[in-house]
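Have a look at the structure below, then the notes.
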Amino acid sequence: MAEFNIANLKEASLAMAVVASAPGKVLMTGGYLILERPNAGVVLSTNARFYAIVKPLYEEMKPDSWAWAWTDVRLTSPQLSRESMYKLSLKNLMLQCVSSSESRNPFVEQAVPYAIAAAHALFDKDKKDALHKLLLQGLDITILGCNDFYSYRNQIEARGLPLTPESLAALPPFTSITFNAEEENGQNCKPEVAKTGLGSSAAMTTAVIAALLHYLGVVDLSPLSKNEGSADLDVVHIIAQTAHCIAQGKIGSGFDVSSAVYGSHRYVRFSPDVLSSAQDALNGTPLQEVMAAILKGKWDHERTKFSLPPSMNLLLGEPGTGGSSTPSMVGAVKRWQKSDPAKAQETWRKLSEANSKLEIQFNILSKLAEENWNAYKCVLDICSKQRSEKWIEQSTEPSQEAVVKALLGARSAMVEIRNLMRQMGEAAGVPIEPESQTRLLDATMDMEGVLLAGVPGAGGFDAVFAVTLGDSGSNVAKAWSSLNVLALLVREDPHGVSLETGDPITKEITAAVSAVHIE
């Protein structure tokens, strides 16, 4: 996705403003398994990005500010038409909301103190003095999420527009988000935003942490300093995982935060006890000490480079059949594991093997593309216009035959994964791949140019994904539309967290920033 035009910010804040972004995700394989080590999952980062803008709240320190024990923090979320004001204790880093409680954001409320605590834990005395002066100018944080994170299906239908990507593309960037504010019986409930399951909270938390850490001088995320093995990225990852887990009230697998930081990869989770010291903060241990212990902890997560092979595209669809609660589905699967451990273990073993088969076929395809691009591209161009049963007829020479064999191997592995996920759902009594999704996925896998299709992550009714060959995605999107499925504008983008520059990459983002009136 593109970058903000910082020229729209006030002149006085121009030099200080930091804009960072982090991507949403699609968990292609490893649903449920990824919760336990050493099981792996393949997570794809996307072009849907969350942006965080951090700058000083006040243009200069006030003369008496040296005596202040608190500083001000403002959080603005233009899409929700919300602004929250906080007081931040400079001693214990406690963040206290002084505006309406309805507008609170638990993820940002954890991100701010944990990022500042990390600065205290890593800085020497001189840097701590500079940090103190910087914080006395207050923090002005603005968060914006790409439209792809949210469901605009109801608005499109209400306007009488067709369920197509073109209708989505016609929406202004960073469109206002509406709430599902009422239950069916008419009773008011806590407003909830309809989402598309791309991991908005992880992307938002990561973007805020990255922007804060760069702004405070803890890390340098500028393109010249950043590389894949960067220690600075590891710091962002650790603090984002910590803040996200605390805000959620549980220690999840962390794949969504990991992909928000590092981009697409194969992921094995960290041992949960690395965050055990985070509980100490709740018992009164200074946050600076807690963060120092967490940063020094043994983070044993594993990530291996992975992205889709060339000329393959991720396509995501929103069936509009109602959402699923991931926590309750995970809980049901865990109860089934305890009640029938032998069967559960056998199913997980088979699933793990099937996931590995799919990874291997993708890796073979990437290697074949590298070794003989012409043969690879020729096969994909032809297969993108045909259904899979015709693909075997396209191999006229050994180099092409190897490509077709790997394509069919990937399809076969995905069929196996889907069967096992369905069996697990039936045994646990939860709709991991409900019948309506099975019909849709079977129809999708039968379309021209579709390599595979499945339900991402924990499954349910929320979304479906497909991996398409060449230019076949547009025809799949049209076919989905006829089946009442809205194809989203999401694509794989293997890049993780990024520091944005002031150059306007597209007029969309420039116009969006102007419309948002960041001042």
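Quick note: the sequence shown uses the working numbering, first residue 568, plus one each step. Cβ atoms here follow ideal geometry from the backbone N, Cα and C, with glycine treated the same way. Here the structure is a predicted model, which means the values were calculated and not measured.
Of all the options Val803, Tyr719, Asn672, which has the alpha carbon lying nearest to the alpha carbon of Ala682? Start at 1 with the first residue of the sequence shown, and residue 682 comes out as number 115. Minimum Cα distance to Ala682 is reached at Val803.
Express the C-alpha separation of Ile959 and Ser588 in angstroms, rounding to a whole number. Here residue 588 refers to the residue found at position 21 of the sequence shown. Here residue 959 refers to the residue found at position 392 of the sequence shown. C-alpha separation (whole angstroms): 43 Å.
Going by DSSP in three states, Ile620 sits in which element: helix, strand or coil? Position 53 of the sequence shown, counting from 1, holds the residue named residue 620. For Ile620, the three-state secondary structure derived from DSSP is strand.
Considering Cα atoms alone, identify which of Asp639, Arg720, Leu728, Arg836 is closest to Tyr653. Along the sequence shown, read from residue 1 onward, the residue named residue 653 stands at position 86. Nearest Cα to Tyr653 within the set Asp639, Arg720, Leu728, Arg836: Asp639.
Selected residue, minimal CA-CA separation from Asp1132, among Ser1039, Pro886, Arg916, Glu964: An answer regarding residue 1132 cannot be provided, because it is not within the stretch 568 to 1086 covered by the chain.
Would you say Thr773 and Ala737 are within 7 Å of each other, going by their C-beta atoms? As a working mapping, residue 773 is identified with position 206 in the sequence shown. As a working mapping, residue 737 is identified with position 170 in the sequence shown. Going by beta carbons, Thr773 and Ala737 fall outside the 7 Å limit.
Measuring only the C-alpha atoms, how far is Asp1009 from Arg916? Along the sequence shown, one-based indexing puts residue 1009 at 442. Along the sequence shown, one-based indexing puts residue 916 at 349. The straight-line gap from Cα to Cα measures roughly 24 Å.
How would you label Arg833, buried or exposed, when you count the other beta carbons within 10 angstroms and need 16 or more for buried? Taking the first residue of the sequence shown as position 1, residue 833 is located at position 266. Buried, by the Cβ-count rule.
Glu733 to Ala1054 span [Cα, whole Å]: Residue numbering aside, residue 733 sits at position 166 when the sequence shown is read from its first letter. Residue numbering aside, residue 1054 sits at position 487 when the sequence shown is read from its first letter. Rounded to the nearest whole angstrom, the C-alpha separation of Glu733 and Ala1054 is 9 Å.
Going by C-alpha distance, which of Pro1001, Trp866, Asp847 is nearest Val841? Residue mapping note: residue 841 aligns to position 274 of the sequence shown, counting from 1. Comparing C-alpha distances from Val841 to each of Pro1001, Trp866, Asp847 shows the shortest one belongs to Trp866.
Going by C-alpha to C-alpha distance, which of Gln912, Gly705, Gln646 sits closest to Ala584? For this step, residue 584 is matched to residue 17 along the sequence shown. Measuring C-alpha to C-alpha distances from Ala584 to each of Gln912, Gly705, Gln646 identifies Gly705 as the nearest.
Anticipated Cβ contact below 8 Å, Val1017 with Leu788, distance rounded: One-based indexing of the sequence shown puts residue 1017 at position 450. One-based indexing of the sequence shown puts residue 788 at position 221. Between Val1017 and Leu788 a beta carbon distance of about 37 Å is seen, past the 8 Å cut, so the two are scored as non-contacting.
Figure out for me which residue from Thr643, Pro853, Ser797 has the closest Cα to the Cα of Leu660. In the sequence shown, residue 660 corresponds to position 93, counting from 1. Selected option, being the one with the closest Cα: Pro853.
How would you write the range of the beta strand (DSSP E) that Lys592 sits in, first residue to last? As a position in the sequence shown, residue 592 is number 25, starting the count at 1. First-last of the beta strand (DSSP E) with Lys592: 585-596.
Quick check on this structure: which residue in Met879, Pro680, Ala911, Val982 has the alpha carbon closest to the alpha carbon of Leu932? Numbered from 1 along the sequence shown, position 365 holds the residue referred to as residue 932. Comparing Cα positions, the closest option is Met879.
Where Glu1059 sits in the DSSP three-state scheme: The residue labelled residue 1059 in the question sits at position 492 within the sequence shown. For Glu1059, the three-state secondary structure derived from DSSP is strand.
Tell whether a beta-carbon distance below 7 Å holds between Phe674 and Met595. Your numbering for residue 674 matches position 107 in the sequence shown. Your numbering for residue 595 matches position 28 in the sequence shown. In terms of Cβ geometry, Phe674 and Met595 do not form a close pair [threshold 7 Å].
Phe741 vs Ala615 beta-carbon contact at 7 Å: The residue given as residue 741 occupies position 174 in the sequence shown. The residue given as residue 615 occupies position 48 in the sequence shown. In this structure, Ala615 does not lie closer than 7 Å to Phe741 by Cβ.
CA-CA distance, Ala936 and Ile818? Position 369 of the sequence shown, counting from 1, holds the residue named residue 936. Position 251 of the sequence shown, counting from 1, holds the residue named residue 818. Distance from the CA atom of Ala936 to the CA atom of Ile818, rounded to whole angstroms, is 39 Å.
Ile601 - DSSP class collapsed to helix/strand/coil: Within the sequence shown, residue 601 is the residue found at index 34, counting from 1. Three-state result, Ile601: helix.
When Glu956, Arg989, Ala994 are compared against Gly976, the one with the closest alpha-carbon: In the sequence shown, residue 976 corresponds to position 409, counting from 1. Of the candidates Glu956, Arg989, Ala994, the residue whose Cα lies closest to the Cα of Gly976 is Glu956.
Identity of the residue in Gly1037, Ser825, Pro623 nearest Pro590 by Cα: To locate residue 590, count along the sequence shown from 1; it is residue 23. Measuring from the Cα of Pro590, the nearest candidate turns out to be Ser825.
Distance, Trp1047 Cα to Glu712 Cα: In the sequence shown, the residue the question calls residue 712 occupies position 145. In the sequence shown, the residue the question calls residue 1047 occupies position 480. The question names Glu, yet the displayed sequence has Gly at residue 712. Rounded to whole angstroms, Gly712 to Trp1047 spans 25 Å at the Cα level.
Candidates Arg604, Ala814, Leu1056, Thr809: closest to Asn672 by CA position: Counted from its first residue, the sequence shown places residue 672 at position 105. Shortest Cα-Cα distance from Asn672 to any of Arg604, Ala814, Leu1056, Thr809 involves Ala814.
For Val610, count the other beta carbons within 10 Å of its own beta carbon; 16 or more makes it buried, fewer makes it exposed. Which is it? As a working mapping, residue 610 is identified with position 43 in the sequence shown. Its Cβ being crowded by 16 or more others within 10 Å, Val610 is buried.
The region 843-862 in contact with the region 682-693 per 3-pair CB rule at 8 Å: Contact holds: three or more Cβ-Cβ distances are below 8 Å.
Count the other C-beta atoms from every protein chain shown that fall within 10 angstroms of the C-beta of Lys622, then say buried if there are 16 or more, exposed otherwise. In the sequence shown, counting from the first residue as 1, residue 622 sits at position 55. Looking at its Cβ environment, which holds 16 or more other Cβ atoms inside 10 Å, Lys622 is buried.
Just to confirm the assignment, what range does the alpha helix (DSSP H) spanning Thr809 have? For the purposes of this step, residue 809 is taken as the residue at position 242 of the sequence shown. Where Thr809 is concerned, the enclosing alpha helix (DSSP H) stretches over 798-815.
Exposed or buried, Glu993, counting other C-beta atoms within 10 Å across all chains shown (16 or more means buried)? Here the question's residue 993 lines up with position 426 in the sequence shown. Exposed: under 16 other Cβ atoms inside 10 Å.
Segments assigned alpha helix (DSSP H), at least 4 residues, entirely inside the region 839-922: Inside the region 839-922, DSSP marks whole alpha helix (DSSP H) runs of 4 or more residues at positions 845-849, 854-863, 893-906, from first to last along the chain.
Closest to Val1034 by C-alpha separation, out of Gln855, Asn1042, His1062, would be which residue? Here residue 1034 refers to the residue found at position 467 of the sequence shown. Considering only alpha carbons, the answer is Asn1042.
Measure the C-alpha to C-alpha separation of Glu676 and Leu662 and round it to an integer number of angstroms. Counting from one through the sequence shown, the residue named residue 676 turns up at place 109. Counting from one through the sequence shown, the residue named residue 662 turns up at place 95. Each residue's alpha carbon lies about 7 Å from the other.
Glu996 classed as buried or exposed, judged by whether at least 16 other C-beta atoms fall within 10 angstroms: Within the sequence shown, numbered from 1, the residue matching residue 996 stands at position 429. For clarity, residue 996 is Gly in the given sequence; the question names Glu instead. Classification of Gly996: exposed, given that the 10 Å Cβ count is below 16.
Where Lys654 sits in the DSSP three-state scheme: By 1-based counting over the sequence shown, the position of residue 654 is 87. In the structure shown, the three-state DSSP call for Lys654 is strand.
Counting along the chain, where does the alpha helix (DSSP H) carrying Tyr717 start and finish? The count along the sequence shown starts at 1 and reaches residue 717 at position 150. Counting along the chain, Tyr717 falls outside any alpha helix (DSSP H), and DSSP gives it neither H nor E.
Whole angstroms is fine: what's the gap from Asn755's alpha carbon to Ser906's? Numbered from its first residue, the sequence shown carries residue 755 at position 188. Numbered from its first residue, the sequence shown carries residue 906 at position 339. Any reading at Asn755 is ruled out, since the residue's pLDDT is 43, under 50, leaving its predicted position unreliable.
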